[in-house]
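Asks: Residue 142 in UniProt numbering is what sits at position 142 of the sequence shown, and the numbering runs on without skipping anything. Can you keep this structure in mind? I'll have questions shortly.
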Amino acid sequence: MSEVLSFNDVSVVRGRKDLLKDVSWEVNEGERWIVLGPNGAGKSTLMNIAAARLHPTRGTAQILGETMGRVDVFELRPLIGLSSALVANSIPGRETALNVVLTAAYGMTGRWREKYEKLDERRAFGLLHEWGMSTFMNQSFDKLSEGERKRVLIARSLMTDPELLILDEPAAGLDLAGRETLVAKLSELAADEYAPALVLVTHHLEEVPAGFTHILMMRDGQVVAAGEIEKTLTEENLEATYGMPLALRSENGRFSAFARN
Ligand SMILES: Nc1ncnc2c1ncn2[C@@H]1O[C@H](COP(=O)(O)OP(=O)(O)OP(=O)(O)O)[C@@H](O)[C@H]1O
Ligand SMILES: [Mg+2]
Numbered sequence: 001m002s003e004v005l006s007f008n009d010v011s012v013v014r015g016r017k018d019l020l021k022d023v024s025w026e027v028n029e030g031e032r033w034i035v036l037g038p039n040g041a042g043k044s045t046l047m048n049i050a051a052a053r054l055h056p057t058r059g060t061a062q063i064l065g066e067t068m069g070r071v072d073v074f075e076l077r078p079l080i081g082l083s084s085a086l087v088a089n090s091i092p093g094r095e096t097a098l099n100v101v102l103t104a105a106y107g108m109t110g111r112w113r114e115k116y117e118k119l120d121e122r123r124a125f126g127l128l129h130e131w132g133m134s135t136f137m138n139q140s141f142d143k144l145s146e147g148e149r150k151r152v153l154i155a156r157s158l159m160t161d162p163e164l165l166i167l168d169e170p171a172a173g174l175d176l177a178g179r180e181t182l183v184a185k186l187s188e189l190a191a192d193e194y195a196p197a198l199v200l201v202t203h204h205l206e207e208v209p210a211g212f213t214h215i216l217m218m219r220d221g222q223v224v225a226a227g228e229i230e231k232t233l234t235e236e237n238l239e240a241t242y243g244m245p246l247a248l249r250s251e252n253g254r255f256s257a258f259a260r261n
């Protein structure tokens, strides 16, 4: 099995603060990872390194066999799909849903003067359709609902047929039905043997789609636990991650947690 991510003692220092401290983490082809941890734990910082958007201050980060610092990140980025609040904010509001997906083919946001091949257009439409958004293809991004926007962003992150797909809080702001629809789609994606390696950052165990295989639990820029979900997602590790006693429930491959008294 080939390595998708191989991080060795990765640290990110800003001023006097360690945003990440000695993070070692490995993701292999075919694995589906959850990244869990409180606000400020360093999850998005870690995702920015995994997406070749940020260099570690110390340590080595290998992405798809290439070492950050020794590779042209502009060649690496199209191989990594990323959907996050930062990506959403960088999209011009007036862009149509179709163009939001289409422009990913060129690693840029905002349709400018590029000529798009018919093939790319067809692929972008196909992805919108797959994520239930084809009827919105001509609607501008800022007029879409939160949930619709999330789905367009995921379609966008798949446009380049990446080898690694990173979704940073894709279900944030969705209503219950929207969340469940998204979680079911992600579960389908997880089961697809041709899908890229998946990394999903979430705050809520209810958002962990069935079929995800591994979990990375973080606190204060450090790894609390990492490994297969069945062995790693335990009440003990949840308590160490959040600093409070939590009761964990699981049913039919889905999870939830509540304060334990
Ligand atoms: N450029 C920066 N300079 C200083 N501190 C920063 C910088 N960028 C992020 N931070 C801090 O680093 C910490 C980790 O941020 P990060 O966004 O990675 O957390 P997170 O786990 O994604 O949190 P959340 O769940 O709220 O999204 C936070 O305390 C944040 O304030
Ligand atoms: Mg974050």
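Every residue gets a Cβ at the ideal spot worked out from N, C-alpha and C, and that includes glycine.
Output the boundary residues of the alpha helix (DSSP H) element that contains Gly147.
Replies: For Gly147, the enclosing alpha helix (DSSP H) has its first and last residue at Glu146 to Leu158.
Asks: Going by alpha carbons, who is nearest to Arg32 out of Tyr194, Leu79, Gly147 and Leu238?
Replies: Tyr194
Asks: First and last residue of the alpha helix (DSSP H) that includes Thr213?
Replies: Careful: Thr213 lies outside any alpha helix (DSSP H) and carries neither H nor E.
Asks: What's the call for Lys17, buried or exposed, on a 16-neighbour Cβ count within 10 Å?
Replies: exposed
Asks: Using a strict less-than 5 Å threshold between each residue's beta carbon and the heavy atoms of ligand 1, what residues do you get?
Replies: Arg14, Leu19, Asn39, Gly40, Ala41, Gly42, Lys43, Ser44 and Thr45
Asks: Could you tell me how far apart the beta carbons of Arg58 and Ser11 are, in whole angstroms, since I believe they sit closer than 8 Å?
Replies: 4 Å
Asks: Between the Cα of Glu236 and those of Arg260, Gln222, Ile166 and His214, spot the shortest distance and give me the residue it belongs to.
Replies: Among Arg260, Gln222, Ile166 and His214, the Cα nearest to that of Glu236 is on Arg260.
Asks: Which one or two residues does DSSP pair with Lys231 in a beta bridge?
Replies: Paired residues: none, contrary to the question.
Asks: Under a three-way DSSP split, which group does Ser134 fall into?
Replies: Ser134 falls in the helix class under three-state DSSP.
Asks: Tell me, which residues are paired with Arg254 by DSSP?
Replies: Glu251
Asks: Under a three-way DSSP split, which group does Ser83 fall into?
Replies: strand
Asks: Could you tell me how far apart the beta carbons of Glu163 and Pro196 are, in whole angstroms, since I believe they sit closer than 8 Å?
Replies: 5 Å
Asks: State the DSSP-derived secondary structure class of Ile91, mapped to helix, strand or coil.
Replies: coil
Asks: Would you call the segment 164–176 in contact with the segment 76–85, where contact means no fewer than 3 C-beta pairs closer than 8 Å?
Replies: yes
Asks: With H, G and I counted as helix, E and B as strand and the rest as coil, what does DSSP make of Ser2?
Replies: coil
Asks: Which residues in the same chain as Trp258 place their Cβ atom closer than 6 Å to its Cβ, once the five residues preceding and following it in sequence are excluded?
Replies: A small fix is needed here, since residue 258 is Phe in this sequence, not Trp. Answer for Phe258: Ala247, listed in chain order.
Asks: Note the first and the last residue of the continuous beta strand (DSSP E) segment covering Lys21.
Replies: Lys17 to Asn28
Asks: Nearest CA to the CA of Glu117: which residue from Glu146, Leu102 and Pro245?
Replies: Leu102
Asks: For Met244, count neighbouring Cβ atoms within 10 angstroms of its own Cβ and tell me buried if that reaches 16, exposed if not.
Replies: Classification of Met244: exposed, given that the 10 Å Cβ count is below 16.
Asks: Please determine, among Thr234, Glu130 and Ala105, the residue with the shortest C-alpha to C-alpha distance to Leu119.
Replies: Ala105
Asks: Find the nearest neighbour of Arg77 within the set Met159, Asp175 and Thr181, judged by alpha-carbon distance.
Replies: Looking at the Cα atoms, Met159 is the closest of the given residues.
Asks: Report the rounded CA-to-CA distance for Val224 versus Leu200, giving the unit in angstroms.
Replies: 17 Å
Asks: With 16 other CB atoms within 10 Å as the buried threshold, where does Ala50 fall?
Replies: buried
Asks: Of the residues Leu98, Gly253, Thr202 and Thr135, which one's Cα is nearest the Cα of Ile39?
Replies: Checking the sequence shown, residue 39 turns out to be Asn, not Ile. Answer by Cα proximity: Thr202.
Asks: Can you tell me whether Leu64 is buried or exposed? The criterion is at least 16 other CB atoms within 10 Å of its CB, across all chains shown.
Replies: Per the 10 Å Cβ criterion, buried.
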